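*Asks:*
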Amino acid sequence: MASLDGLPPLREVIEEYGLNAKKSLGQNFLLDLNLTSKIARTAGNLEDCVVLEVGPGPGGLTRALLMNGARKVIAIERDERCRPALEQISQHYPGRLDVIFGDALKVDITALTGGLAVRIVANLPYNVGTELLIRWLTSPQWPPYYQSMTLMFQKEVAQRIVAAPGTDAYGRLSVLAGWRTDARIAFDVPPQAFTPPPKVTSSVVHLVPRAEPLQADVQTLGRVTEAAFGQRRKMLRQSLKSVGGERLLQETGIDGTRRAETLSVAEFVALANAV
Ligand code: SAM
Numbered sequence: 016m017a018s019l020d021g022l023p024p025l026r027e028v029i030e031e032y033g034l035n036a037k038k039s040l041g042q043n044f045l046l047d048l049n050l051t052s053k054i055a056r057t058a059g060n061l062e063d064c065v066v067l068e069v070g071p072g073p074g075g076l077t078r079a080l081l082m083n084g085a086r087k088v089i090a091i092e093r094d095e096r097c098r099p100a101l102e103q104i105s106q107h108y109p110g111r112l113d114v115i116f117g118d119a120l121k122v123d124i125t126a127l128t129g130g131l132a133v134r135i136v137a138n139l140p141y142n143v144g145t146e147l148l149i150r151w152l153t154s155p156q157w158p159p160y161y162q163s164m165t166l167m168f169q170k171e172v173a174q175r176i177v178a179a180p181g182t183d184a185y186g187r188l189s190v191l192a193g194w195r196t197d198a199r200i201a202f203d204v205p206p207q208a209f210t211p212p213p214k215v216t217s218s219v220v221h222l223v224p225r226a227e228p229l230q231a232d233v234q235t236l237g238r239v240t241e242a243a244f245g246q247r248r249k250m251l252r253q254s255l256k257s258v259g260g261e262r263l264l265q266e267t268g269i270d271g272t273r274r275a276e277t278l279s280v281a282e283f284v285a286l287a288n289a290v
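Here the sequence shown stands for residues 16 to 290, where the numbers follow my numbering.
1) How many whole angstroms separate the CB atoms of residue 43 and residue 159, which I take to be in contact at a CB cut-off of 8 Å?
2) How long is the line joining the alpha carbons of residue 182 and residue 259, rounded to whole angstroms?
3) Tell me the start and end of each unbroken beta strand (DSSP E) in the region 112 to 195 that is at least 3 residues and wholly inside, in chain order.
4) Does the ligand SAM have even one heavy atom less than 7 Å from the beta-carbon of residue 35?
5) In the DSSP output, which residue or residues are listed as bridge partners for residue 218?
6) Is residue 75 close to the ligand MN? I mean its beta-carbon at under 7 Å from any heavy atom of the ligand.
7) May I ask which residues mark the beginning and end of the alpha helix (DSSP H) holding residue 66?
8) If the criterion is Cβ atoms closer than 8 Å, does the pair residue 225 and residue 197 meet it?
9) Using three-state DSSP, classify residue 36 as helix, strand or coil.
10) Exposed or buried, what is residue 68 when buried is set at 16 or more other beta-carbons lying within 10 Å of its beta-carbon?
11) Suppose contacts are defined by Cβ-Cβ distances below 8 Å. Is residue 65 in contact with residue 131 by that definition?
12) What would DSSP say about residue 269, mapped onto helix, strand or coil?
13) Looking at the strands, I want to know which residues DSSP matches up with residue 250.
14) Three-state secondary structure (DSSP) at residue 50?
15) Give every residue whose Cβ lies closer than 6 Å to any heavy atom of the ligand SAM, listed in chain order.
16) Which same chain residues, not among the five before or five after residue 279, have their C-beta less than 7 Å away from its C-beta?
17) By the three-class DSSP mapping on this structure, what secondary structure does residue 290 have?
18) Can you grab the Cα-Cα spacing for the pair residue 55 / residue 79, in whole Å?
Below is the structure:
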């Protein structure tokens with residue numbers, strides 16, 4: 016029986032092309048088109064933009080993006096075994112799906128999008144997800160080339176992305192994401208929704224770039240947060256020593272007996288600007 020979109024059900028696709036999941040590639044597939052459609056809808060209106068998807072795999076999310084009206088999907092996949100399954104989708108939606116086979120960490124993504132408005136949507140491989148997010152958040156060009164990012168992470172990572180000061184999850188990732196974007200957890204996804212099921216719950220995070228984040232040099236902000244959270248239990252006058260210590264604290268009026276996790280994003284920006 017065909018699926019909602021007239022293509023064969025994903026379970027059949029996986030069987031036909033022998034796409035047994037490889038742990039080394041972070042493969043946990045989503046086979047329910049209702050769930051992948053929910054992710055696609057979370058990304059917003061896809062009709063007027065290019066969607067960049069990392070790791071389409073057998074194409075569950077890709078199909079949902081196209082079914083929900085994405086004008087074009089550009090997908091980067093490392094696993095050559097997925098070629099025939101993705102080719103079938105491409106034929107079903109002529110001219111609307113381009114797949115680049117390669118490592119998303121090595122492909123120059125900006126060169127692919129041809130200046131069109133972009134939304135990034137992905138059920139990311141867990142082994143490279145955080146690294147990709149940090150790259151997208153630290154883009155030298157700001158506002159960046161993308162309008163939003165809708166990404167699946169392990170719940171614990173998602174909580175770190177959206178964490179507020181004063182919480183255990185608050186750290187470097189929260190400061191970076193909070194500085195440059197409005198980030199929220201859209202919904203959780205239980206392990207059973209994936210094939211094979213991972214050990215932990217996942218969450219879909221939606222991030223929208225701020226048009227005018229507080230002015231700061233991204234590298235310096237990175238160094239300050241690294242120093243502060245590298246010794247998160249220590250007082251700032253100790254943990255910030257390598258980046259300027261007392262002088263920064265005096266210049267910004269921040270109490271040196273405080274700890275990193277109590278500082279707001281604006282206070283981290285002030286420290287970075289004082290370096
Ligand atoms: N999007 C599919 C879904 O939702 O069912 C698959 C998601 S699976 C969690 C991650 C996908 O990323 C796999 O297809 C894997 O082969 C691919 N992948 C892993 N590392 C990659 C990399 N460095 N660059 C591009 N794709 C990668």
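Think of the CB as a built atom: it goes at the ideal place given N, C-alpha and C, for glycine as much as any other residue. On a predicted model such as this, the values are computed, not experimentally measured, just so you know.
*Replies:* So, from the data block:
1) About 28 Å separates the two Cβ atoms, so there is no contact after all.
2) 26 Å
3) 112 to 116, 133 to 138 and 161 to 169
4) no
5) 168 and 203
6) The ligand MN is not part of the structure shown, which contains the ligand SAM as its ligands.
7) Where residue 66 is concerned, there is no enclosing alpha helix (DSSP H), although the beta strand (DSSP E) it sits in stretches over 65 to 69.
8) yes
9) coil
10) buried
11) yes
12) coil
13) 274
14) helix
15) 40, 41, 42, 43, 44, 45, 69, 70, 71, 72, 75, 76, 91, 92, 93, 94, 118, 119, 120, 138, 140 and 143
16) 180
17) coil
18) 6 Å
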